[in-house]
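Residue numbers (this note's numbering): 62 to 351.
Built from N, CA and C at the ideal position, the CB exists for glycine as well.
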């Protein structure tokens, strides 16, 4: 490198976290100009500078314009004709991708666990039928010191009754399109009409069967998943009912639930949907039990 060369330390994920967009793009554009003030780039941490195949996409462009790349892990300048250097830099890209995937997996796992075992709202817009309520100081001390508050979901007094009505109609045997048409005819505002500021990209004129389907599918999950033994025992207890439910279409399940004597009870405070069924009403489909 020339004495007046510029040393660039690129940390791709740090630039994102610090909200400094465009820095790496400006450096790349500067390297493509003939009258640039440097002839090489020094990367201090290649496992953080290149992600996946980013090196394979960027390095040929730098080589074409005469910009050298210097990496301490390869002993200096990266040789574009060296297979060993190419393999090594590709390995660094794989390490960066693996690190990102591990962080993503840990974050998603912890978020799922918090959502299943606590009543704290973890972010995002509240589901239709709920509103955000203050839940005291944030459990993270640093965030609490900055004034951030924790939130929890509470039933929205305006929209929560509409969610209960959707479940009642579905259990009564109405299909998604029939429920959507009935809600539209009764003048009940759809989620996009109720909150148009956050749904400018959606049609607010009425309910769609897709919206009703999403509300039916958005039931609360149990805090503890069933074990394999419990699932096997439940299937043995239900017998042919499990097969009938698995083979039924979405529109047929409502009528099947009515035949089974199934009742869904929505508990807003606990965010739980409990189901009870009178299995004696489906004699001939059940091997044992009531």
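Beta-ladder partner(s) of residue i, from DSSP
i, result
"residue 101", "129"
"residue 138", "131"
"residue 212", "195"
Rounded Cβ spacing between residue i and residue j (contact assumed at less than 8 Å)
i, j, result
"residue 122", "residue 130", "Rounded, the Cβ-Cβ distance is 11 Å, inconsistent with contact."
"residue 156", "residue 108", "5 Å"
"residue 111", "residue 153", "6 Å"
"residue 197", "residue 211", "6 Å"
"residue 221", "residue 271", "Incorrect: roughly 21 Å between the Cβ atoms, too far for contact."
"residue 149", "residue 128", "Actually they do not touch by this definition, with Cβ atoms about 19 Å apart."
"residue 158", "residue 113", "5 Å"
Backbone CA spacing between residue i and residue j [nearest angstrom]
i, j, result
"residue 311", "residue 276", "13 Å"
"residue 103", "residue 132", "6 Å"
"residue 268", "residue 219", "16 Å"
"residue 241", "residue 176", "29 Å"
"residue 229", "residue 195", "30 Å"
"residue 256", "residue 213", "19 Å"
"residue 254", "residue 260", "8 Å"
"residue 187", "residue 126", "51 Å"
"residue 307", "residue 247", "33 Å"
"residue 169", "residue 162", "10 Å"
"residue 174", "residue 279", "17 Å"
"residue 309", "residue 243", "23 Å"
"residue 227", "residue 317", "17 Å"
"residue 231", "residue 319", "9 Å"
"residue 147", "residue 171", "37 Å"
"residue 313", "residue 237", "10 Å"
"residue 258", "residue 251", "13 Å"
Reduced DSSP category for residue i - H, G, I as helix; E, B as strand; rest coil
i, result
"residue 181", "strand"
"residue 162", "helix"
"residue 107", "helix"
"residue 219", "coil"
"residue 186", "coil"
"residue 119", "helix"
"residue 310", "coil"
"residue 231", "helix"
"residue 157", "helix"
"residue 113", "coil"
"residue 305", "helix"
"residue 143", "coil"
"residue 207", "coil"
"residue 279", "coil"
Task: alpha helix (DSSP H) runs contained entirely in the stretch 235-277, provided each spans 4 or more residues - done: 237-246, 252-255
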